[in-house]
Structure formats: structure tokens, C-alpha cells
Amino acid sequence: MTEDPKMQETKIQAEVQSDVRKNPRRIAFILRRASPHVKTQDDARVMTYPTALSRFVIALEVAFLLLVWISLLVNAPLEGIADPMHTPNPAKAPWYFLGLQELLHYFPPVVAGVLVPGLVVGALIVIPYFNINIEGESLWAKDRKRRLMIISAVLVLFCLFLLAYDVIVALVPTLLIGVLMLWSARFSSESPRLVQRWLFSKPLSFWIMSWFLIELTVLTVVGTFFRGPGWGWILPWQS
Amino acid sequence: MATIKTEFEKLRSTDVWRTIFRSGSGSSNLHRSQAVQQNIFLHLFSVKIRSRALEFSATWYLGALTLSTFFVLIATGILLMFYYHPSVPQAYADMKDLQFVVASGVFLRNLHRWSAHAMVFLVFAHMFKVFYRGAYRPPRQFNWVIGVFLLLLTLLLSYTGYLLPWDQLSFWAVTVGSNIAKAVPLMGKQIRFLMLGGNEVNANALLRFYVLHCVILPLTAILLVGVHFWRIRKDGGLHVPEKKTP
Ligand code: HEM
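Order-wise, the sequence lines are chains L and Y.
Note that the working numbering numbers the first sequence so that position 71 is 377, with each residue one more than the last.
Note that the working numbering numbers the second sequence so that position 29 is 42, with each residue one more than the last.
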């Protein structure tokens with residue numbers, strides 16, 4: 307690995323020669339661009355084989371034993387044969403799509419079924435390509451007043467939008483995160499409590515991702531356990 | 014213990030073993046490096062790893078656990094394929110056979126089913142863990158993107174598998190899902206037709222989902238997991254937080 311900058315500067319012209327019998331010597335040039343991006347050099351290291359590999363095998367066995375145990379205790383559901391003439395009420399998607407199905411209850415399919423998932427996937431993909439996400443600077447480190455104003459405005463508008471469509475399920479987590487976020491602006495890196503300093507240090511991406519995590523959890527749990535016939539409210543132990 | 018070790022060493026120095034594993038016997042760091050470098054599967058990984066990256070708190074082993082469930086799914090999935098016909102109504106009859114005729118059939122199906130749920134859960138958990146420890150930052154941007162595609166593949170695998178038992182639950186779950194495709198502007202109907210091989214969930218849809226579930230999606234996922242692991246090495250190993258300089 308050519309860490310030596312001099313090596314990179316000197317332009318070496320390799321001879322173009324493909325006959326191995328005439329010219330059997332080969333040198334491999336590993337350029338900085340192509341070599342692994344190792345940044346921290348001073349860390350203690352262990353061998354992948356056997357240390358890391360045996361850790362993986364342990365993880366595999368733990369997962370396997372747990373799954374075997376569950377599979378011995380609980381049977382996978384199997385209902386009657388598929389019958390296009392009899393729609394069950396409610397007809398539910400698999401659990402990981404129930405958050406979307408819950409949204410489908412409030413918004414037209416183009417919004418809940420196409421726009422929202424499209425935006426989520428798009429947002430996930432671009433996360434590492436935004437500088438603010440990479441610097442990971444506290445949301446309130448600069449421009450505190452202006453940011454406070456913009457964020458409050460966005461929050462109020464978004465909450466009004468959710469209220470207009472009656473999406474209380476999504477409103478509650480939004481309020482929770484919103485209040486925490488605005489509250490964290492009152493702290494500084496010198497606040498007396500650890501939680502306060504921790505909340506203050508968080509960048510915008512942290513708040514957005516945490517909001518997404520909570521919405522995902524709440525919507526999925528509601529769709530899975532609290533929705534019954536006609537997508538009305540039920541309690542999980544009623545059926 | 015000692016005898017097992019010497020026996021293993023003896024085995025490792027046999028001619029046959031040497032034809033299979035090119036690295037040969039010995040336990041020096043050189044040999045251990047070669048055991049990784051000269052193995053087609055292991056050479057995706059680097060030879061050494063930072064000890065801090067191996068601590069439980071670093072990753073919670075969520076990626077490793079996701080991979081574990083994926084392995085269980087491949088193994089049980091292949092066994093299930095021996096008992097399954099992707100046709101109507103035979104598919105449902107095969108479920109009944111698994112239940113009442115095949116030895117340990119219920120257990121096999123349970124294991125595949127619960128592992129699938131576990132994998133979906135774990136892949137989300139892994140994603141959030143990677144996010145919260147900031148491991149998507151340069152130079153790991155593209156591995157994050159590969160990860161997002163792995164997430165989508167996992168969801169698609171699970172969704173296509175959901176139809177295969179051909180019971181009321183699977184039929185209507187897939188109907189609900191495929192109706193969403195109709196909402197895509199301009200070409201929703203066409204997309205749904207392509208997905209189902211018809212205008213409703215029927216035998217054609219079952220066949221399409223089967224091919225996707227058992228061939229196309231798993232192969233794509235295996236390929237991408239390979240790239241995912243190779244990129245970890247190329248991106249300089251697993252991310253560890255920078256040491257605080259006092
Ligand atoms: C089939 C699904 C997946 C498998 C089997 C898998 C497996 C792994 C494994 C074993 C690691 C090593 C460290 C760890 O355990 O965290 C890893 C790291 C990583 N994964 Fe995944 N992963 C999957 C999906 C994802 C997803 C959905 C994302 C994000 C959207 C993602 C992003 C990453 C990144 C950025 C790293 C590098 C972390 C670092 O350098 O510290 N992966 N993955």
C-alpha cells in the first residue's frame with residue numbers, strides 16, 4: 307500500500323507488454339484510490355480467522371437455537387384455502403406493511419401507497435450524500451434563532467396537516483419528537499445534566515430518523531394489534 | 014482438548030486437505046491470514062479486524078444475526094421446495110401435507126416462517142443501528158445504498174413468500190398489496206398486470222411469485238450481500254468511533 311505521497315507523485319509509465327514469456331515480471335501498483343480506506347491506524351486488531359469467525363458462528367447458533375425454540379412452541383398460521391369470493395374483514399397485509407395500510411386508511415392510495423414509500427426509500431438512499439448528515443453538528447450550534455423559527459413553523463404546519471386528515475396516530479409521535487427537539491434548543495454543551503447535553507448535541511438527521519423510527523413502530527403496532535373489522539379500533543385481546 | 018487439536022492438525026496436513034484448502038496447516042498469523050485470503054468466501058473480508066469493532070456494543074451483531082436468519086431461510090427453503098408445487102390448488106394441499114404427512118413438516122414450515130419474520134425485523138434493526146452509530150458516513154456511503162437495496166429485497170422476499178401457502182391469509186394479504194400498485198400514476202394497471210400475470214391474484218400470480226421467491230430474489234440478495242461484505246473491507250473495515258484525544 308503506497309501511503310508514501312512521493313510514490314504517488316512520481317509518474318511511473320508501465321511498459322505495455324502482454325507476452326508473459328518475453329516479459330515475465332509484473333509489478334502491482336496499488337494506488338491510494340483503490341486500496342482500502344483505512345483511517346484509524348492505531349487500534350488494536352485481532353485475526354478474522356479464528357476470532358471474528360467464531361464470534362459469527364456463536365451469533366448464528368444463538369439465532370438458530372432461538373428460532374428452533376419458537377418454532378417448537380408456535381405454529382405458523384394456516385387458514386382455509388384461498389377463496390376470491392370471500393373477503394375476510396379486515397384483510398390485512400403482512401405486518402411490516404401494516405404501517406402503510408394504516409396510512410391508506412387516511413390518505414388516497416397515490417399518497418399512502420406510492421408517494422410515502424417512494425419518499426422514504428429516496429430519503430434513506432440520500433442520507434450519506436448530504437453534508438449536514440456527515441458533519442453531524444448539533445442542530446442548534448449555529449443560527450439558533452432562525453432555525454428555531456423555521457423548525458417551529460414546519461412542525462406547526464405539519465401537525466395541522468395531520469390534524470386536517472384526522473391522523474391522530476401519526477400526530478402523537480410527531481408532537482413527542484417535535485417537543486423534545488424544540489426543548490433541546492434550551493440546552494447547551496455546558497448544561498448540568500448528561501441528558502440535556504446529549505439532546506443538545508443531536509443533529510437534524512438524528513431527529514428525522516428518530517421520528518421515522520417512532521412513526522414506523524407506532525403505525526405498525528396500531529395496524530397489527532388495534533385494527534379490526536372495517537379497520538375500526540379494537541383491543542388486541544378482543545377478536 | 015489437546016488430542017482433538019493434534020488430530021485436527023494431522024488432518025490439516027494430509028494431502029487431500031491440502032488440495033481443498035490452499036492455506037495448509039499451522040497457526041501462525043501468516044497461516045491465519047492465508048486461511049482468509051485464500052478462501053473464496055472468506056476473502057471478501059479483511060484478514061484482521063479492530064477489536065473495538067467486535068465488541069457487542071459496536072454493532073449488537075445485528076448484521077451477523079441478519080445473515081444467520083438468511084442462512085436458516087435458505088436451508089429450510091430448499092427443504093420446503095421438495096414438498097411444494099406452485100399450482101392451484103396443489104399448493105394448499107402441500108401445506109396440508111406438511112402439516113399431516115411429512116415428518117417434522119410443521120416444524121420445517123414454522124422455522125422458515127419465523128425466520129422470515131425475524132429477518133425483516135433484524136434488517137430494520139441493523140439499519141437503524143448503522144445509522145445511529147454514524148457508519149453511513151464517508152467512505153461508506155455506497156455500502157449504505159447497497160444496504161437500502163438489501164432492505165427492499167428482504168421485504169420483497171418476504172412478501173412474495175407470503176402468497177405461496179395459498180390460504181385465505183396469503184391470498185388477501187397479496188391482494189391488498191397488489192391493489193396499491195394500481196395507484197401508481199399513469200401505469201398502475203400495467204405494473205399490476207406485470208406483477209400478477211393477470212388482472213387478479215390467480216394461478217399465474219402464484220407461479221410468478223414462486224419464481225421470484227425461490228430463484229430471482231434470493232440470488233440477487235446473495236450477490237448483494239457479497240458486495241456488501243466486500244465493501245466493508247474496501248471501506249477500511251467496520252466503523253469505530255474516533256478515539257477522543259485527551
Ligand atoms: C440482507 C441484509 C443485510 C445483511 C445480511 C447485512 C450484513 C451486515 C454485516 C454482517 C455487517 C457487519 C457489521 C454489523 O453487523 O453491523 C454489515 C455492515 C453494514 N451494513 Fe449491513 N446488512 C444487511 C442490510 C443492510 C441495510 C438495510 C443497511 C442500511 C440501509 C446496511 C448498511 C450497512 C453498513 C453501512 C455497514 C457498514 C458498517 C460499518 O462499517 O461499521 N446493511 N452489514
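Even for Gly, the Cβ is constructed at its ideal location relative to N, Cα and C.
No experiment lies behind these values; they were computed from the predicted model shown.
Can residue i be considered in contact with ligand 1, in the sense that its beta carbon sits closer than 7 angstroms to one or more heavy atoms?
i      : result
L:Y402 : no
Y:F83  : yes
Y:V49  : no
Y:W157 : yes
Y:V161 : yes
L:V432 : no
Y:G76  : yes
Y:Y149 : yes
Y:D248 : yes
L:R361 : no
L:T357 : no
Y:H252 : yes
Y:H139 : yes
Y:R153 : yes
Y:H241 : yes
Y:A129 : no
Y:T173 : no
Starting from the C-beta of residue i, find all residues in its chain whose C-beta is less than 7 angstroms away, skip the five residues before and the five after it, and write them out in chain order.
i      : result
Y:T188 : V214
L:D325 : none
Y:K142 : T72, W73 and L75
Y:F58  : V49, F242 and R246
Which whole-angstrom value describes the C-beta separation of residue i and residue j, a residue pair presumed to lie in contact below a C-beta threshold of 8 angstroms?
i      : j      : result
Y:P99  : Y:Y223 : 4 angstroms
Y:I193 : L:G424 : 12 angstroms between Cβ atoms; not a contact.
Y:F162 : Y:R244 : Actually they are not in contact, since the Cβ atoms of Y:F162 and Y:R244 sit about 12 angstroms apart, beyond 8 angstroms.
L:L404 : L:G529 : 3 angstroms
Y:I62  : L:T354 : 5 angstroms
L:W546 : L:P396 : The first residue shown for chain L is 307 and the last is 545, placing residue 546 of chain L beyond what the model contains.
Y:S128 : L:L373 : 5 angstroms
Taking only the alpha-carbon atoms, compute the straight-line gap between residue i and residue j and give it to the nearest angstrom.
i      : j      : result
L:Q502 : Y:A66  : 28 angstroms
L:Y471 : L:L410 : 12 angstroms
Y:F144 : L:M515 : 8 angstroms
Y:G160 : Y:T16  : 44 angstroms
L:F413 : L:L421 : 11 angstroms
Y:F120 : Y:G249 : 42 angstroms
L:V417 : Y:V197 : 9 angstroms
L:L337 : Y:T27  : 39 angstroms
Y:T167 : Y:G174 : 11 angstroms
Y:I53  : L:P342 : 19 angstroms
Y:S46  : Y:L78  : 24 angstroms
Y:T19  : Y:G39  : 11 angstroms
Y:S171 : Y:I33  : 36 angstroms
Y:L232 : Y:F242 : 16 angstroms
Y:R246 : Y:A116 : 43 angstroms
L:T308 : L:D348 : Caution is warranted here: a pLDDT of 45 is assigned to L:T308, below 50, making its placement in the model unreliable, and no coordinate value can be reported.
L:G534 : Y:F83  : 32 angstroms
L:T480 : L:E521 : 8 angstroms
L:I456 : L:E408 : 29 angstroms
L:F506 : L:R492 : 8 angstroms
Y:W185 : L:I387 : 11 angstroms
L:P434 : Y:P151 : 7 angstroms
Y:F95  : Y:I87  : 13 angstroms
Y:G90  : Y:C227 : 8 angstroms
State the DSSP-derived secondary structure class of residue i, mapped to helix, strand or coil.
i      : result
L:M353 : strand
Y:W179 : coil
L:M307 : Unreliable placement is indicated for L:M307, whose pLDDT of 43 sits below 50; no coordinate value is reported for it.
Y:R153 : coil
L:W539 : strand
L:I387 : strand
Y:K61  : strand
L:F492 : The amino acid occupying residue 492 of chain L in the given sequence is Arg; Phe does not appear at that position. Coil at L:R492, not helix or strand.
Y:R35  : coil
L:R533 : strand
L:W446 : coil
L:H343 : coil
L:I336 : coil
Y:N217 : helix
L:Y402 : helix
Apart from the five residues just before and just after residue i, which ones in its own chain have a Cβ nearer than 8 angstroms to its Cβ?
i      : result
Y:L260 : Nothing in the structure corresponds to residue 260 of chain Y, since chain Y is present only between 14 and 259.
L:V426 : F518
L:E441 : P509
Y:R221 : M208, L209 and G210
Y:D180 : Y105 and M108
Give every residue of the same chain whose Cβ lies closer than 6 angstroms to the Cβ of residue i, excluding the five residues on either side of it in the sequence, and list them in chain order.
i      : result
Y:A9   : This structure leaves residue 9 of chain Y out entirely; chain Y is present only between 14 and 259.
Y:N217 : G210 and G211
Y:H56  : Q50
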